[in-house]
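Colleague:
Number of protein chains: 2
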Amino acid sequence: MEAHVAWELYRSFLAVLTEGSLSGAARSLDIAQPTVGRHVAALERALRMPLFTRSQTGLLPLESALALRPYAEAMSTAVAALERAAASQGAGVRGVVRITASHVIGVEVLPPILARVRERHPDLQIELVLSNRMQDLLQREADIAVRMARPAQQLLIARRVGQVDVGLHATAQYLERHGTPATTADLHGHALIGFDRPTAFIRAASKSFPLRRETFSIRADSDLAQLALIRSGAGIGACQVPIGRRDGLVRVLGRQYSLLLDTWIVMHQDLRSSPRCRVTFDALVDGLKRHVAAPVARAQGLAPGKAVPKKSS
Amino acid sequence: MEAHVAWELYRSFLAVLTEGSLSGAARSLDIAQPTVGRHVAALERALRMPLFTRSQTGLLPLESALALRPYAEAMSTAVAALERAAASQGAGVRGVVRITASHVIGVEVLPPILARVRERHPDLQIELVLSNRMQDLLQREADIAVRMARPAQQLLIARRVGQVDVGLHATAQYLERHGTPATTADLHGHALIGFDRPTAFIRAASKSFPLRRETFSIRADSDLAQLALIRSGAGIGACQVPIGRRDGLVRVLGRQYSLLLDTWIVMHQDLRSSPRCRVTFDALVDGLKRHVAAPVARAQGLAPGKAVPKKSS
DNA sequence: GCGCTTCCATGCATAAATGTATAGCTGTTG
DNA sequence: CAACAGCTATACATTTATGCATGGAAGCGC
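So the protein lines, in turn, are chains A and B.
According to this note's numbering, the first sequence is numbered sequentially starting from 1.
According to this note's numbering, the second sequence is numbered sequentially starting from 1001.
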């Protein structure tokens, strides 16, 4: 490894890795193809190891290159975060905020909240990254995350917005046709919508009630697909109670099947002083509190208000 | 913010930030001072914001520069990690491993363990980073960490090596001169060695027994200093039981003052396949298990073996 | 098999970044 | 107050990196 490796080389290296060819990398970086080729060659010389096997169809990364890839990606996300921060400098709510959330939250819950923020702050730009892996706040892949677990890192600011209840739901039409199950045993013979391969979350949920792949007659790994299936009357499946309620779904077996998920809004503490993040953070806390707490916890408990229809517990 | 900011500029930016002057940065990067000046100017132009106020005595970073600093540092640590990984490519146990641990562990416990590893693997180089903030594994500031808490990130491999017991200790000479306290009340009047400003760890410990600054007649924030004070017979203070035992210290009030710390060895899972990290990880697990478990848990409990002398509980 | 596209590698003219030398300013020291 | 050491900024020669044009090789579709 030579004295100084120019950081540019790493940028080209990563581009080749993601594009799969010198030409592609050159296009994406808006530089000339020979330049990228020279960068890769220089890097290989500097690190004293081959990184790719050249062919006429592109560059095939060697194991060594793959091993280095995560680090180059870390550089890249750092650059992205820096430039995001730079673009948002100065007072006022402007610039880009990247939010990460689960697919369901991102599709079903966040849009109206974000629309409202944007209306109040037209100079604010929002990027929504939907992903179920949530490890990326420290690396600054996102500025703010909506999570279903208390974050353990002390560099993060976390605000709990409450617990969201997950229960079994179906459409009224489905239940009219197939009957409303009154006990767990009644679920047999129903079209149950569930997961295909278990995720970490499902494994955790299995502690409350046994869940096996074979239990379900309709399987989909995408939460959104499951939700869509429930909505279209395909059967009985799990979804967040506030969403089911909003969409006129009927909750089945009530609190017998209930999974309370802690919900947190999380942000890196460095961003506390950034107006754009501050505002978005507060809006998310507010919006999700409204989504999570008010109608649900009460409908679930004993408080008055519009109760979930046809509760059968 | 302009289309493409050369990554080199960020390197120079960070160097100026840490060195405080263009000339200093140039020296540290081994390039010419005007080059660094041009880099900073180019970056300011690209980001459309001033970053420093120039003076004849150096460059003073503006708030904007300070806000961007963490990101530039993230880039830098990514580069360091990449180059570390690159240097250790190929089979065999060679290259650099960075280990982070608390000051006490790093000074009192790790050296013999690391010496043994190094003897077995002469091509292995070890960097020891002592710090009580432990947030840095994901950012790859270090490859392996010795922690006192279960890590919550799922990208990390963690192995529990047991619980290390922390108790009150003093030298035999001190106790001969001042008497051995038999009850908590007896501690009054003794020279108690403790913290100056409470840390997160101390706040957590306070849940077990009340700790206040005023309790102590000798205060030092450095764990190592406290340990040195105990060793030199200055008074009674807390230290890890295995260390006290090894150094011939006498435990005071035995299990009445006992704080059990879970001890974990943690590594990023990407490094699993790296022989150098693998070997070091295993050696740390083994060495710390030996340090933590064997003599202590037994001496503390009821198993036979060389008991801690003069136990007074 | 022929054209078409896409890829990498090479040679060469040009543009860009770098280093050297130097001037000017500031703060410190005797 | 003069000498000195440290810093930045500028001018200019030179090295270095880049882009462009081109050649050859491989895959794809007709």
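All residues carry an ideal CB built from backbone N, CA and C; glycine is no exception.
Pick from Leu1124/B, Val1279/B, Met1075/B and His1103/B: whose alpha carbon is nearest that of Arg1094/B?
Modeller: For this step, residue 1094/B is matched to residue 94 along the second sequence. When each option's Cα is compared against that of Arg1094/B, the closest is Leu1124/B.
Colleague: Examine chain B for any beta-carbon lying closer than 8 Å to the beta-carbon of Val16/A, and answer yes or no.
Modeller: Here residue 16/A corresponds to residue number 16 of the first sequence, with the count starting at 1. Taking Cβ atoms only, chain B never reaches closer than 8 Å to Val16/A, which makes this a no.
Colleague: Taking Ile105/A as the reference, which of Ser232/A, Thr184/A, Val166/A and Gly254/A has the closest Cα?
Modeller: Locating residue 105/A in the first sequence gives position 105, where the first residue counts as 1. Here the closest residue by C-alpha is Val166/A.
Colleague: Express the C-alpha separation of Arg1246/B and Glu19/A in angstroms, rounding to a whole number.
Modeller: Walking along the first sequence from the start, residue 19/A turns up at place 19. Walking along the second sequence from the start, residue 1246/B turns up at place 246. Taking the straight line joining both Cα atoms gives about 57 Å.
Colleague: Note down the Cα distance separating Ser313/A from His190/A, rounded to an integer number of angstroms.
Modeller: Here residue 313/A is taken as the residue at index 313 of the first sequence, counted from 1. Here residue 190/A is taken as the residue at index 190 of the first sequence, counted from 1. Caution is warranted here: a pLDDT of 33 is assigned to Ser313/A, below 50, making its placement in the model unreliable, and no coordinate value can be reported.
Colleague: Pick helix, strand or coil for Glu119/A, following the three-state DSSP scheme.
Modeller: For this step, residue 119/A is matched to residue 119 along the first sequence. Residue state, collapsed to three classes: helix.
Colleague: In chain order, what residues of the same chain lie with their CB nearer than 8 Å to the CB of Glu1008/B, ignoring the 5 residues before and after it?
Modeller: Translated into the one-based positions of the second sequence, residue 1008/B becomes position 8. Counting only Cβ-Cβ distances below 8 Å, and skipping sequence neighbours, we find His1039.
Colleague: Short check: CB of Arg1098/B to CB of Asp1143/B, under 8 Å?
Modeller: Indexing the second sequence from 1 puts residue 1098/B at position 98. Indexing the second sequence from 1 puts residue 1143/B at position 143. In contact: Arg1098/B and Asp1143/B (Cβ atoms closer than 8 Å).
Colleague: Run through the stretch 1217 to 1264 of chain B for me and flag every whole beta strand (DSSP E) of 3 or more residues, listed as ranges in chain order.
Modeller: Runs of the beta strand (DSSP E) inside the stretch 1217 to 1264 of chain B: 1236 to 1240 and 1250 to 1252.
Colleague: Counting along the chain, where does the alpha helix (DSSP H) carrying Ser1064/B start and finish?
Modeller: To locate residue 1064/B, count along the second sequence from 1; it is residue 64. Glu1063 to Ala1087 is the span of the alpha helix (DSSP H), which, as asked, contains Ser1064/B.
Colleague: Kindly provide the ranges of any alpha helix (DSSP H) runs that are 4 or more residues long and lie completely inside the stretch 1015 to 1070 of chain B, ordered along the chain.
Modeller: Whole alpha helix (DSSP H) segments, 4+ residues: 1022 to 1029 and 1033 to 1047.
Colleague: Check the C-beta distance from Gly1237/B over to Leu1168/B and give it rounded, since I have them as a contact under 8 Å.
Modeller: Here residue 1237/B refers to the residue found at position 237 when the second sequence is read from its first residue. Here residue 1168/B refers to the residue found at position 168 when the second sequence is read from its first residue. About 7 Å separates the two Cβ atoms, so the contact holds.
Colleague: Are three or more beta carbon pairs between the stretch 1283 to 1294 of chain B and the stretch 1109 to 1117 of chain B nearer than 8 Å?
Modeller: At 8 Å Cβ cutoff, the stretches touch.
Colleague: Based on Cα-Cα distance, which residue from Asp223/A, Leu155/A and Leu14/A lies nearest to Gly194/A?
Modeller: Counted from its first residue, the first sequence places residue 194/A at position 194. The candidate whose alpha carbon is nearest that of Gly194/A is Asp223/A.
Colleague: Return helix, strand or coil for Leu284/A, following the three-state DSSP convention.
Modeller: In the first sequence, counting from the first residue as 1, residue 284/A sits at position 284. Reduced to three states, the DSSP call for Leu284/A is helix.
Colleague: What separation, rounded to the nearest whole angstrom, lies between the Cα atoms of Arg54/A and Pro242/A?
Modeller: Here residue 54/A is taken as the residue at index 54 of the first sequence, counted from 1. Here residue 242/A is taken as the residue at index 242 of the first sequence, counted from 1. Whole-angstrom Cα-Cα distance: 54 Å.
Colleague: Using a Cβ-Cβ distance cut-off of 8 Å, determine whether Leu68/A contacts chain B.
Modeller: Residue 68/A sits at position 68 when you count from the first residue of the first sequence. Judged by the 8 Å Cβ criterion, Leu68/A is in contact with chain B.
Colleague: What does a CB cutoff of less than 6 Å around Val1164/B pick up in its chain, not counting 5 residues either side in sequence?
Modeller: Within the second sequence, residue 1164/B is the residue found at index 164, counting from 1. Result list for Val1164/B: Gln1240, Leu1261, Thr1263 and Val1292, in chain order.
Colleague: Taking the alpha-carbon positions, what's the Leu1062/B to Ser1023/B distance?
Modeller: For the purposes of this step, residue 1062/B is taken as the residue at position 62 of the second sequence. For the purposes of this step, residue 1023/B is taken as the residue at position 23 of the second sequence. One C-alpha to the other measures close to 18 Å.
Colleague: Distance cutoff 8 Å, beta carbons only. Does Gln256/A sit that close to anything in chain B?
Modeller: To locate residue 256/A, count along the first sequence from 1; it is residue 256. No, no contact with chain B.
Colleague: Check each residue of the stretch 1025 to 1048 of chain B: if its Cβ is closer than 8 Å to any Cβ of chain A, include it; give the result in chain order.
Modeller: So the list reads Leu1029, Asp1030 and Leu1047, given in the order they occur along the chain.
Colleague: Using a Cβ cut-off of 8 Å (strictly closer), state whether Tyr1174/B contacts chain A.
Modeller: Mapped onto the second sequence, residue 1174/B falls at position 174. No, no contact with chain A.
Colleague: In chain B, which residues lie less than 7 Å from Leu227/A when you measure between Cβ atoms?
Modeller: The residue you call residue 227/A lines up with position 227 of the first sequence. By Cβ distance, chain B contributes nothing, its closest Cβ being about 25 Å from Leu227/A, past 7 Å.
Colleague: Would you list, in chain order, the members of the stretch 1069 to 1084 of chain B that have their beta-carbon closer than 7 Å to a beta-carbon of chain A?
Modeller: Cβ contacts with chain A come from Pro1070, Tyr1071, Ala1072, Ala1074, Met1075, Ala1078, Val1079, Ala1081, Leu1082 and Glu1083.
Colleague: Would Asp270/A pass as an interface residue toward chain B - the criterion being a Cβ-Cβ separation below 8 Å?
Modeller: The sequence position of residue 270/A within the first sequence is 270, counting from 1. Output row for Asp270/A: interface = yes.
Colleague: Would you say Arg276/A lies against chain B (beta-carbon separation less than 8 Å)?
Modeller: The sequence position of residue 276/A within the first sequence is 276, counting from 1. So no, Arg276/A is outside the interface.
Colleague: Assign Val266/A to one of three DSSP states: helix, strand, or coil.
Modeller: Working through the first sequence from its first residue, we reach residue 266/A at position 266. Note: Val266/A maps to strand in three-state DSSP.
Colleague: Is the separation between the beta-carbon of Ala72/A and that of Leu1082/B shorter than 8 Å?
Modeller: Sequence index remark: in the first sequence, residue 72/A carries index 72 (1-based). Sequence index remark: in the second sequence, residue 1082/B carries index 82 (1-based). Against a cut-off of 8 Å, the Cβ pair of Leu1082/B and Ala72/A comes out as a contact.
Colleague: Does any CB atom of chain A fall closer than 8 Å to the CB of Ser1064/B?
Modeller: Sequence index remark: in the second sequence, residue 1064/B carries index 64 (1-based). It does: the Cβ of Ser1064/B has a partner Cβ on chain A nearer than 8 Å.
Colleague: Tell me the residue span of the alpha helix (DSSP H) that contains Leu1175/B.
Modeller: By 1-based counting over the second sequence, the position of residue 1175/B is 175. Here the alpha helix (DSSP H) through Leu1175/B covers Ala1172 to His1178.
Colleague: Using CA coordinates, which residue listed in Phe52/A, Glu127/A and Leu227/A is at the minimum distance from Ala80/A?
Modeller: For the purposes of this step, residue 80/A is taken as residue 80 along the first sequence, with counting starting at 1. Cα-wise, what sits closest to Ala80/A is Glu127/A.
Colleague: For the beta strand (DSSP E) containing Ala101/A, name the first residue and the last one.
Modeller: Against the first sequence, residue 101/A aligns to sequence position 101. From DSSP, the beta strand (DSSP E) with Ala101/A extends over Gly95 to Ala101.
Colleague: Name the two residues that bound the continuous beta strand (DSSP E) containing Ile193/A.
Modeller: On the first sequence, position 193 is the one that residue 193/A refers to. Element bounds for Ile193/A: Leu192 to Gly194.
Colleague: Near Tyr174/A, which residues of its chain fall below 6 Å by C-beta distance, leaving aside the five closest residues on each side in sequence?
Modeller: The residue given as residue 174/A occupies position 174 in the first sequence. Answer for Tyr174/A: Gly233, listed in chain order.
Colleague: Taking 8 Å as the CB-CB cut-off, is Glu1141/B touching chain A?
Modeller: Counting from 1 along the second sequence, the entry for residue 1141/B is found at position 141. So no, Glu1141/B is outside the interface.
Colleague: Shortest alpha-carbon distance to Asn122/A belongs to which of Leu43/A, Leu288/A and Arg276/A?
Modeller: Residue numbering aside, residue 122/A sits at position 122 when the first sequence is read from its first letter. Reading off the sequence shown, one finds Pro at residue 122/A, where the question assumed Asn. When each option's Cα is compared against that of Pro122/A, the closest is Arg276/A.
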